[in-house]
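Everything on this sheet refers to the single structure shown next.
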Amino acid sequence: TEACLKAIEGAGALNAFVHHTPEIAMEQAGKADARLEAGEAPAMCGLPIGIKDLFCTKGVPSQAGSRILEGFLPEYESTVSQNLFDAGAVMLGKLNMDEFAMGSSNETSVYGNAVNPWRRGNDDAQLTPGGSSGGSAAAVAADLCLAATGTDTGGSIRQPAAFTGTVGIKPTYGRCSRWGIVAFASSLDQAGPMTKSVRDAAIMLEAMCGHDPKDSTSADLPVPDFEAALTGDVRGKKIGIPKEYRMDGMPEEIEALWQDGIAMMKDAGAEIVDISLPHTKYALPAYYVIAPAEASSNLARYDGVRYGHRAKLDQGDGITEMYEKTRAEGFGAEVQRRVMIGTYVLSAGFYDAYYNRARKVRTLIKKDFEDVFAQGIDSILTPATPSAAFGLGEMADADPVQMYLNDVFTVTVNLAGLPGIAVPAGVDRQGLPLGLQLIGRPWEEADLLSSAYALE
Ligand code: GLN
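Residue numbers (my numbering): 82 to 537.
This is the structure:
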């Protein structure tokens, strides 16, 4: 813990930690020592970790990367962070992220972006650590903590993991409780671990997840021993390669990475099967209707009264001015864009044409996966991202749709509620890490982690 606190102090330029909690860390580390001395050794005992700013942590600023939550100190602890503390984990602080987890580069954060510790060859241009869990990925990659929590609504654990050479798993929807996690799109949001290895991910996921009566969508299922299931034995397993993920204009390096992954799995004894997920091309448009729709509803609670920031009002301003001024000041441009898209697709005249249509598409995407699993496919192998980490500013200045295209390989998994893991699997020409994604059957994280172990 002390070594990590020191490393964090020296790594301010990465802007990964946005709230530091050294006193809490030392206190928790002391408790962990006492537990070890008492002969107890819970799974995360004494392990220093970072918590994404989206998780409410009791008495510790939890701003979800937004100005609107300035000054908000939760009176409660999120179930996931509580579970980790119960398992002995030590919190070093809160990690940078895109505002309300909306983004793929960490550039929508009110704190300014986190920076990827990796560089392109000898070029010192700063790169994005990805988003929205960019602070988590940068902190793990730069050894500022042993692991971190992330959340993934459309790829926010897997894309930053791929951009930083770390491991990130989004479990099945319902595996982790969402209680105390600031809501973005409730039917898609899931928490998960971001770690240095598949084994660490297995240990941390087990500590994080489990049934929680406080979240009605949390599953009442036993939590398997994920670490014990890590054999890396893929002999006889059927791994599907979906032809629709071979996008036009996919960089050669990504194609080559995918082929390497296929060869590794074949060598390890898996059977490689060509599959089709025919509705893949509708996933991104459906996601960018459903996610903003849910976000516009979830974000209605930030009204200048209940939480955080309230704008200074002029004499004679009424409640409407208070809402308008507070929300105009408190939300950044991307969040405002999502709220506007969301309210538009939910409005009376357009509800059927956009929101209901997107929900129907979502059902078809889910069915695509059910069909291939019914054919005996165990997991599906794809690239995690369409490129390596890009330069800061490179995409933020472009049309927002360019940024949305980053999520092309990851959003299907959230729409279908499936588990997905990103594993580092090689480097590009300039030495930047690239990641592969494995998608598993619902609730089969143990099998998914074990297969990912074979790729590591
Ligand atoms: N990049 C996607 C978005 O902006 C996904 C974000 C996430 O998974 N939280 O919506």
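No residue lacks a Cβ here, since even glycine has one placed at the ideal position from N, Cα and C. Please read all numbers here as calculations on a predicted model, not as lab measurements.
- For residue 352, the enclosing beta strand (DSSP E) covers residues 352-356.
- Here the alpha carbons of residue 264 and residue 272 stand approximately 11 Å from one another.
- Counting C-beta atoms within 10 angstroms of its own C-beta, residue 94 has fewer than 16 neighbours from the protein chains shown and is therefore classed as exposed.
- The residue from 275, 274 and 258 with its alpha-carbon nearest to that of residue 267 is 258.
- In this structure, residue 449 places its C-beta atom within 8 Å of the C-beta atom of residue 359.
- With contacts defined as CB atoms closer than 8 Å, residue 407 and residue 377 fail to qualify as a contacting pair.
- At least one heavy atom of the ligand GLN lies less than 7 Å from the C-beta of residue 235.
- Runs of the alpha helix (DSSP H) lying entirely within the segment 429-491 and spanning at least 4 residues, in chain order: 438-455 and 481-485.
- No Cβ-Cβ contact shorter than 8 Å links residue 158 with residue 189.
- Among the bridge pairs identified by DSSP, residue 275 is matched with 229 and 249.
- In the three-state scheme derived from DSSP, where H, G and I count as helix and E and B as strand, residue 340 is classed as helix.
- In this structure, residue 172 lies near residue 109, with their beta-carbon atoms less than 8 Å apart.
- Between residue 278 and residue 196, the alpha-carbon positions lie close to 21 Å from each other.
- One Cα belongs to residue 229, the other to residue 215, and the distance between them is close to 11 Å.
- The C-alpha of residue 396 is placed about 49 Å away from the C-alpha of residue 251.
- Around the Cβ of residue 143, a 10 Å sphere holds 16 or more other Cβ atoms; the residue is buried.
- Taking the CA atoms as reference points, residue 352 sits about 20 Å from residue 504.
- Checking the 7 Å criterion, the Cβ of residue 185 is within range of a heavy atom belonging to the ligand GLN.
- Judged by pairs of C-beta atoms under 8 Å, the segment 415-433 touches the segment 369-385, as three or more such pairs exist.
- Buried is the label assigned to residue 186, since at least 16 other Cβ atoms lie within 10 Å of its Cβ.
- Between the ligand GLN and the CB of residue 372, the shortest heavy atom gap is smaller than 7 Å.
- Approximately 4 Å separates the beta-carbon atoms of residue 439 and residue 370; this is inside 8 Å, confirming the contact.
- Residues of the same chain with a CB within less than 6 Å of the CB of residue 283, apart from the 5 flanking positions on each side, are 307, 308, 311 and 530 in chain order.
- Here residue 467 has 328, 331, 332, 335, 486, 487, 489 and 490 as same chain residues with Cβ atoms under 8 Å from its own Cβ, once five neighbours each way along the sequence are excluded.
- The straight-line gap separating the alpha-carbon atoms of residue 455 and residue 356 is approximately 12 Å.
- By the beta-carbon neighbour count (other beta carbons within 10 angstroms, threshold 16), residue 347 is exposed.
- Rounded to the nearest whole angstrom, the CA to CA distance from residue 462 to residue 409 is 42 Å.
- Residue 321 is bridged by DSSP to 354 and 461.
- Residue ranges of uninterrupted beta strand (DSSP E) with 3 or more members, entirely inside the segment 168-252 and ordered along the chain, are 171-176, 228-233 and 248-251.
- The ligand GLN has a heavy atom closer than 7 Å to the beta-carbon of residue 232.
- The beta carbon of residue 484 lies closer than 8 Å to those of 184, 185, 186, 476 and 477 in the same chain, with the five residues before and after it left out.
- Each residue's CA atom was taken as its position, placing residue 82 and residue 285 some 17 Å apart.
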